[in-house]
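As structure tokens, the structure follows; a few thoughts come after it.
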Amino acid sequence: MDIFDRVSANRGPLGSHSSYAHGYFAFPKLEGEIKPRMIFRGKEVLTWSLNNYLGLANHPEVRKADADAAADYGMALPMGARMMSGNSTLHEQLEDELAEMVMKPSATLLNFGYQGVVSIIDAMVNRHDVIVYDAESHACIIDGVRLHAGKRFVYTHNNMASLEKQLERAKRITDETGGGIFVITEGVFGMSGNQGDLRGVVALKKKYSFRLFVDDAHGFGTMGATGAGTGEEQGVQDGIDLYFSTFAKSMASIGAFVAGPESVIDYLRYNMRSQIFAKSLPMPLVVGALKRLELLRTQPELKENLWTIVRAMQSGLREKGFNLGTTTSCVTPVLLEGDIPDATQITLDLRENHGIFCSIVVYPVVPKGVIMLRIIPTAAHTLADVEETIVAFEAVADKLKKGLYSRTTAIPEAV
1 MDIFDRVSAN RGPLGSHSSY AHGYFAFPKL EGEIKPRMIF RGKEVLTWSL NNYLGLANHP
61 EVRKADADAA ADYGMALPMG ARMMSGNSTL HEQLEDELAE MVMKPSATLL NFGYQGVVSI
121 IDAMVNRHDV IVYDAESHAC IIDGVRLHAG KRFVYTHNNM ASLEKQLERA KRITDETGGG
181 IFVITEGVFG MSGNQGDLRG VVALKKKYSF RLFVDDAHGF GTMGATGAGT GEEQGVQDGI
241 DLYFSTFAKS MASIGAFVAG PESVIDYLRY NMRSQIFAKS LPMPLVVGAL KRLELLRTQP
301 ELKENLWTIV RAMQSGLREK GFNLGTTTSC VTPVLLEGDI PDATQITLDL RENHGIFCSI
361 VVYPVVPKGV IMLRIIPTAA HTLADVEETI VAFEAVADKL KKGLYSRTTA IPEAV
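Counting from 1, position 240 in the sequence shown corresponds to residue 240 in my numbering; the numbering is continuous, with no gaps.
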């Protein structure tokens, strides 16, 4: 069968809904400055769908740093891959400050978080090694694992008995191959909001002598006393061998980093294909990241404000009987029972009648029969925003329970 004919006929589990979903449920356009209230299809909506945890996206000092750096350097400098002609003192300064922030000896920058994780995994293991990873790992981890030429085992999410069983299997193999074991998990899981059991994983290191790689995209800046992440929160930052985070969440920017022992980070600098063969981070992004990191370190009230909103939202929803699953982080999933037609009508109701914009998650991302309304609180939100949202959620949940939503998928005409 012709490849184009095949992909046109079978658009995938999410793409199969594109005829009615595109532009509204998928690929929506939020317009205006990044803030709690933005414009969607010509109407102002209260937005809970932006990974702007600390409110830095529109912080005046950040906006000024970004604008000044763009004026000073343009977007092209440095021109070329980091290894060839794309290095600078400011790139190295940012790496040093990030390493200090997460309490690791060394760090290296990555152009993007997704490709960075894939490339880290690819560079760190060979066919003699075994990867053991959490079943609910992010897609970037799954794609990195797919590149592995050796064995890989998955353990039940956050289940230490399952992890130990897979480690025993891995050890039998590495005893024969002479390879090592690479365990991968997350600090905060972005859909459920629960923390990876880093303390439990680290406790198994002595027995099985593995190396631990943690993707802490949602934990950096939001978790731990200083914002150093979920390892700090759980008191096991030293037990994380390679610590990764992206700038796309708390830092409200583009880019990422990985931190760990100096010798290993130096190895990654010279062996991560996604960095060796890609253009260096533009200078305005580096300067902007330095400013964001400075604010993260020197303005703890940003994280305090975030958690004030998180606690108010989560406690308020739970008091009204909503199921938030197992979240122990800022990520706030609201789980309802229903199918995709119900999900579309709930989303329409929230956006059109209540002015509330949040992400909707349906099968295959969550099990069939489950609707997830995913809320991302930020330091820029107010307690009044929280109350308004809880009232709206009560209204749509009541309609869902009474079966009042129609089974149509019609959406308003484009504005």
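Cβ atoms here follow ideal geometry from the backbone N, Cα and C, with glycine treated the same way.
Owing to the predicted nature of the structure, the values given are computational and were not obtained by experimental measurement.
{"Asked": "Pairwise C-alpha distance: Val-287 and Ala-228", "Found": "20 Å"}
{"Asked": "Beta-carbon contacts of Asp-339 that lie in its chain and below 7 Å, excluding the five residues immediately before and after", "Found": "Gly-369"}
{"Asked": "Expected contact under 8 Å - CB spacing of Arg-269 and Thr-108 to nearest Å", "Found": "5 Å"}
{"Asked": "Nonlocal neighbours in the same chain, by C-beta distance under 6 Å from His-148, ignoring five residues either side", "Found": "Val-125 and Ile-131"}
{"Asked": "Helix, strand or coil at Ala-203 [DSSP, three-state]", "Found": "helix"}
{"Asked": "Assigned exposure category for Pro-341 - 16 Cβ within 10 Å defines buried", "Found": "exposed"}
{"Asked": "Status (buried if at least 16 other CB within 10 Å, exposed otherwise) for Ser-263", "Found": "exposed"}
{"Asked": "Of the listed residues Phe-357, Met-372 and Asp-385, nearest to Pro-364 (C-alpha basis)", "Found": "Met-372"}
{"Asked": "Residue range of the alpha helix (DSSP H) that includes Gly-116", "Found": "113-124"}
{"Asked": "Euclidean distance between Cα positions of Arg-82 and Pro-367", "Found": "42 Å"}
{"Asked": "Exposure of Gly-224, with buried meaning 16 or more beta-carbon neighbours within 10 Å", "Found": "buried"}
{"Asked": "Residue from Asn-353, Lys-399, Pro-377 and Val-362 with nearest C-alpha to Pro-13", "Found": "Val-362"}
{"Asked": "Backbone CA spacing between Leu-296 and Ala-252 [nearest angstrom]", "Found": "11 Å"}
{"Asked": "DSSP state of Val-415 mapped onto helix, strand, coil", "Found": "Bear in mind that the predicted position of Val-415 carries a pLDDT of just 43, short of 50, making it unreliable; the figure below should be weighed with that in mind. Reduced to three states, the DSSP call for Val-415 is coil."}
{"Asked": "Whole-Å CB distance - Asp-378 paired with Asn-58, under 8 Å assumed", "Found": "The sequence shown places Thr at residue 378, not Asp. With a Cβ gap of about 10 Å, Thr-378 and Asn-58 do not count as contacting."}
{"Asked": "Start and end residues, alpha helix (DSSP H) containing Thr-382", "Found": "Thr-382 -> no alpha helix (DSSP H), and no H or E assigned at all."}
{"Asked": "Distance CB(Asn-111)-CB(Leu-281) smaller than 7 Å", "Found": "yes"}
{"Asked": "Close Cβ partners of Leu-400 (< 7 Å) along its chain, the five nearest in sequence each way excluded", "Found": "Leu-336, Gly-338, Asp-342 and Ile-346"}
{"Asked": "The stretch 187-206 in contact with the stretch 228-247 per 3-pair CB rule at 8 Å", "Found": "yes"}
{"Asked": "Given 8 Å, three or more beta-carbon pairs between the stretch 158-170 and the stretch 192-200", "Found": "yes"}
{"Asked": "Three-state secondary structure assigned by DSSP to Thr-185", "Found": "strand"}
{"Asked": "Length of the line joining the Cα atoms of Gly-231 and Asn-305", "Found": "21 Å"}
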